[in-house]
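Sequential numbering from 1 applies to the sequence shown in my numbering.
Note that the Cβ used here is the ideal one computed from N, Cα and C, for glycine as well.
The structure under discussion appears below in the form of structure tokens.
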Amino acid sequence: MTRVEPKIIYQTGERKDVIVAAPHHGYIQRCDYYTKEVASMLAEYLGATLFVAENMRPQVDLNKDPRLAPTPEARSLCCRYQQLALAEPIKLFIEIHGHVNGHYDVEISCGFVIDPDIAFDRELRSRLFVLQSAVNRELEREWQKNFILPRPSIGVFPLDDDVVMKATKTYLFQRIRDEQLNNRRIFGLHIEVFRDYKCGEVDTPTFFCQKALVKALAAGINKSFLEWPI
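This is the structure:
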């Protein structure tokens, strides 16, 4: 039997204030297959720093409460990952995951219910609306008739209540929320991509669909977060 080794990939990007991460990537059971490929492509389009944890699940779940980690080593890895996500230069933290049972092909969430009485939340809602609109426009423009997959549906929580992968109980995104409530300007995006739109092979029919999707996500993120001062 081939032994699958866990590993971490960290590549600094041109933008030190944006991280794209795939904390559950891997090719073994309970990992998010091909999220490294999606995250790497998105980080390249955005000029962002890339973080990938490969083949660590189910032993280590980096975005969960470190106190629940099964070993001191796992706890240390969780803490290091979350410290990286919350480091002072970071203004936009993006996690890429894979899903098989969401309501939308791509489900994007900020990880919490927006409070209309908070100015930051009202601003975030506007940014999420721009994000969803820009991604859909780019997909409509770039999705080719000869693609083997239909144009993906895009759900954004809390704009769309029927998003399944809300990440409202994900520990790291609750820590990001705590930072926001302490008047820090940091944004988090939890992105779940349906399995059919991810692949590891280059220049295959699925790859061209994946590339068009990631390009659209990058265009939307640029429009809603990076071109609009954080």
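The three-state secondary structure of Thr204, taken from DSSP, is coil. Under the DSSP assignment, Gln11 falls in the beta strand (DSSP E) whose first and last residues are 7-11. Beta bridge pairing from DSSP links Phe51 with Tyr10, Ala21. Under the three-state reduction of DSSP output, Ser40 falls in the helix class. Beta bridge pairing from DSSP links Phe93 with Ile19, Gly188.
Membership of Phe157 in any alpha helix (DSSP H) is not indicated; the residue belongs instead to the beta strand (DSSP E) covering 154-157. According to DSSP, residue pairing for Ile28 in a beta bridge does not occur. Closest in alpha carbon position to Ala43, among Phe93, Ile186, Asp61, is Phe93. For Ser109, the pairing in a beta bridge is given by DSSP as Phe157, His190.
Residue Trp143 holds the alpha-carbon nearest to the alpha-carbon of Lys215 among Tyr81, Cys79, Glu192, Trp143.
Judged by DSSP secondary structure, Leu62 falls outside any alpha helix (DSSP H); it is assigned neither H nor E. Pairing Ala219 with Ala134 gives a Cβ-Cβ distance under 8 Å.
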